[in-house]
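**Student:** Note that the UniProt record's numbering numbers the sequence shown so that position 134 is 134, with each residue one more than the last. Glycine residues also receive a C-beta, built at the ideal position from the N, C-alpha and C atoms. Quick caveat, the model's predicted, so the values are computed rather than measured. The following block contains the structure, expressed as structure tokens.
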Amino acid sequence: MVVISKIKIIYITMADEVHGEEVRRTADDECVVHKDAASSWKTMATVTNVTSAVADNLVPYTSYEFFVRASAVGGWVAPIRSGRGPCKGDAVSSEPGPVQTQRTMPGIPKHVPRLYVHKLSLWALRVDWAPLTVAEASGEVKEQRIQWRPLNNSAATISRILKPDVHSYNISGLTPGQVYEVLVEARTVGYPEHKPNWTRVKMSLQEPRALHLAVSADDPQVMLGWPEADASAKQSQTK
């Protein structure tokens, strides 16, 4: 899977300095905060006699702002948003050009959802999970895939494709006492390429016994009693 994380800036100028910085986090969380201060700018490239530059190694599905300005000599040192940052030597600089905003292409998800598995019976499970954020998914989730299989038996893997807004699924037809692995993945432009850890769960061998309490109250003590498990239940519990 090839992820496009480059932006090409084409401009018209005289002497040439190109500066770019990832924008501050937006309200819809589509932008990841850069390791630099969110309000600062970073020099992307210093070029001469050309009218384009490429910003690479960017974060997928992330908005960036760029501007261009000219300098008579030297390069820029940590210019700030106002355009009055210090520069090397006695350089004479122009005011920053108009700020342009561009978002990189989506990528594949960096994470898989965290699962919460609940036993419904000896033969069934309910799997719940929270949706990935835009930053975790590196784009808009198009669909999801849930998979389950007996432990160490990848040939028996069962998969189901789910809509992107589904966050719960019931799995049935399981074997009591068997250990299973469960995985949920989200797809943007593709499914994750790495091999994530599966969530393991062991099915019960028998249904929990219902206890019926016999209460005898004789102040200042309360006596509670319940029947002892039968021999077959004791035997199955010790296996």
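(1) Starting from V134, trace the alpha helix (DSSP H) in both directions and tell me its first and last residue.
(2) Kindly indicate which three-state DSSP category A155 falls into: helix, strand or coil?
(3) Using the DSSP secondary-structure output, state which residues sit across from A186 in a beta bridge.
(4) Tell me, please, which residues DSSP counts as bridged to E181.
(5) Where K119 and G139 are concerned, what is the direct C-alpha to C-alpha distance, given to the nearest angstrom?
(6) When the Cα atoms are used, what is the spatial distance from V189 to K202?
(7) In three-state DSSP terms, what is E65?
(8) Check whether the Cβ atoms of L125 and V117 sit closer than 7 Å, and answer yes or no.
(9) Would W148 and Y180 qualify as a contact pair, given that the criterion is a beta-carbon distance under 7 Å?
**Tutor:** Let me lay it out:
(1) One-based indexing of the sequence shown puts residue 134 at position 134. It spans V134 to A137 - the alpha helix (DSSP H) in which V134 sits, taken as one unbroken run.
(2) Taking the sequence shown and counting its residues from 1, one reaches residue 155 at position 155. Helix.
(3) Position 186 of the sequence shown, counted from the first residue, corresponds to residue 186. Bridge partners of A186: Q144.
(4) Locating residue 181 in the sequence shown gives position 181, counting from the first residue. DSSP, once it has assigned bridges, lists R149 and R200 as partnering E181.
(5) Taking the first residue of the sequence shown as position 1, residue 119 is located at position 119. Taking the first residue of the sequence shown as position 1, residue 139 is located at position 139. Looking at the two C-alpha atoms, the distance is approximately 33 Å.
(6) The sequence position of residue 189 within the sequence shown is 189, counting from 1. The sequence position of residue 202 within the sequence shown is 202, counting from 1. Looking at the two C-alpha atoms, the distance is approximately 34 Å.
(7) The residue given as residue 65 occupies position 65 in the sequence shown. Here E65 sits in strand by DSSP.
(8) As a working note, residue 125 is residue 125 in the sequence shown. As a working note, residue 117 is residue 117 in the sequence shown. Yes, the pair counts as a contact, with Cβ atoms nearer than the cut-off.
(9) What you label residue 148 is simply residue 148 of the sequence shown in a count that begins at 1. What you label residue 180 is simply residue 180 of the sequence shown in a count that begins at 1. The answer is yes: Cβ separation under 7 Å.
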